[in-house]
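Take a look at the structure below.
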Amino acid sequence: MKAYIEDAEQVLLHTYRRYQIVLEKGEGVYLYDTKGKKYLDFCAGIAVFALGYQNQEYNQALKNQIDSLIHTSNYFYNLPIIEAAKQLTKVAQMDRVFFTNSGTEAIEGAIKTARKYAYLKDGKKDHEIIALEHSFHGRTMGALSVTGNPKYREAFEPMIGNIKFAKMNDFESVASLVNEKTCAILLEPVQGEGGIHPAQKEFLVKIRELCDKKDILLIFDEIQCGMGRWGSMFAWQSYGVKPDIMTAAKALGCGIPVGAFLMTERVASSSLVPGDHGTTYGGNPLAGAAIKKVLDLFEANHIIENVNSVGSYLKEQLDLLAEKYHIISERRGEGLMQGLEFKVPVAPYINRALDKGLIIINGGERVLRFLPPLIIERHHVDEMIAILSACLEEEEREE
Ligand SMILES: *Cc1c(COP(=O)(O)O)cnc(C)c1O
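Residue numbers for the sequence shown follow our numbering, so the first one is 540 and each next one is one higher.
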């Protein structure tokens, strides 16, 4: 494994501090490295592999699509993407969708849509967007501009401009930034990367009312919390607060790189028109086949029900852990998107867990993030808890 890693470090750009593991294959909720060591996966490729590895129906659908047509360009229609669009708009309760290749591109599209909508209304070119502190929306320039983490932005300034940051769950901090230039308020209903910080319902309800009153577009980034992870198809459906535009990615393709931004007809009919936006790959037949199969399997395998039942079990078990170990200050989250906040950096715990065959990631310096495949069962939770408890014991002993 060491030789592979040395090779990699010669040629890959140094933009990640990777764990010293080379993964080779997956099976269900387990991953295997090149030495054959088995890992229970509580990361799912960062909230991507909802259906687990080697789902035979998913794999077969992709193989079939590869044998008929992988790509065509958006100059033409193709069958898989029509089907995928029908199914996705239905479960997302949105009217129209644009397919992208990633989450960050979905955010770019959402921002362009909001600016165009406002531009058509008043003809001005200085519209503002309000985003939240500690948010994460992606790494391209537009998405980075609305990402509320100065550390990610600083070296790449200037950003796109006219972006303001408010505080999560502080309605006054949002309202005080609104003026006649505000075209959109953008937020994650549950901040993922920022450390599993859910919005309070009251906060979203008030923002929705404000947006309605001032004709400001409400954009929800559902890239991480969407696709079942929060216990409903999209997190906003649990909150009962509907956005005007929403983004999806990560689990949408379950491994095939896809994203999407969706909107209501009201927004679609007065924003982007032919020539305003495009992509070479976005929504190609292979992507369409993946999305369609993922949505089919979500329904056939009752994924949402599983998230709710195993999610509440995970919650109980994490609560017990938080009670037992004083180093843990809080448990947060719902469904299969939960976090444990520690009083200390969590890196040593992650490394110990990897040694013991558990893949788990952080969300910020002090939060362990639990984002398993959505097909996990209770016994997998037990297995994870056993390993994590052992890590906590060891770390405690060594202090
Ligand atoms: C991961 C993520 C993104 C960026 O998606 P990419 O596919 O990595 O570009 C944007 N928003 C949220 C909430 C995310 O979790």
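By construction, the Cβ of each residue, glycine as well, lies at the ideal position given by its N, Cα and C atoms.
Just how far apart, CA to CA, sit residue i and residue j?
i, j, result
"E727", "V561", "32 angstroms"
"L749", "A723", "11 angstroms"
"L913", "F881", "25 angstroms"
"K625", "I843", "20 angstroms"
"N613", "E873", "38 angstroms"
"K564", "L570", "6 angstroms"
"M698", "R635", "29 angstroms"
"G817", "Y778", "32 angstroms"
"L927", "F837", "29 angstroms"
"L791", "V797", "7 angstroms"
"G642", "I762", "6 angstroms"
"G559", "A886", "Correcting the residue identity first, residue 559 is Gln in this sequence and not Gly. Cα-Cα distance, rounded: 14 angstroms."
"L825", "G648", "21 angstroms"
"G827", "M633", "18 angstroms"
"N617", "I609", "10 angstroms"
"G903", "S607", "43 angstroms"
"S868", "D858", "10 angstroms"
"Q739", "L725", "15 angstroms"
"G677", "N640", "13 angstroms"
"P689", "L756", "24 angstroms"
"I650", "L683", "12 angstroms"
Quick one: measure Cβ to Cβ for residue i and residue j, integer angstroms, because I've assumed they're closer than 8 angstroms.
i, j, result
"E644", "T611", "19 angstroms between Cβ atoms; not a contact."
"R917", "V849", "6 angstroms"
"C930", "R891", "4 angstroms"
"A799", "A807", "Not a contact, Cβ separation roughly 13 angstroms."
"F581", "L910", "7 angstroms"
"M802", "D815", "Wrong, their Cβ atoms sit about 13 angstroms apart, outside the cutoff."
"G878", "G734", "6 angstroms"
"G794", "C764", "In fact, because the Cβ distance is near 19 angstroms, the residues do not count as touching under 8 angstroms."
Which residues have their C-beta within less than 5 angstroms of a heavy atom of ligand 1, listed in chain order?
S641, G642, T643, H676, G677, E727, G731, D760, I762, Q763 and A788
Residue ranges of each beta strand (DSSP E) within the segment 740 to 782, 3 or longer:
756 to 760
3-residue-minimum beta strand (DSSP E) runs that sit fully inside the segment 646 to 704, ordered along the chain
667 to 671
Could you give the uninterrupted runs of the beta strand (DSSP E) lying entirely in the segment 579 to 642, keeping only those of 3 residues or more?
635 to 639
Threshold first: 3 residues or longer. Then list the beta strand (DSSP E) segments lying entirely within the segment 781 to 809, N to C.
784 to 787 and 798 to 802
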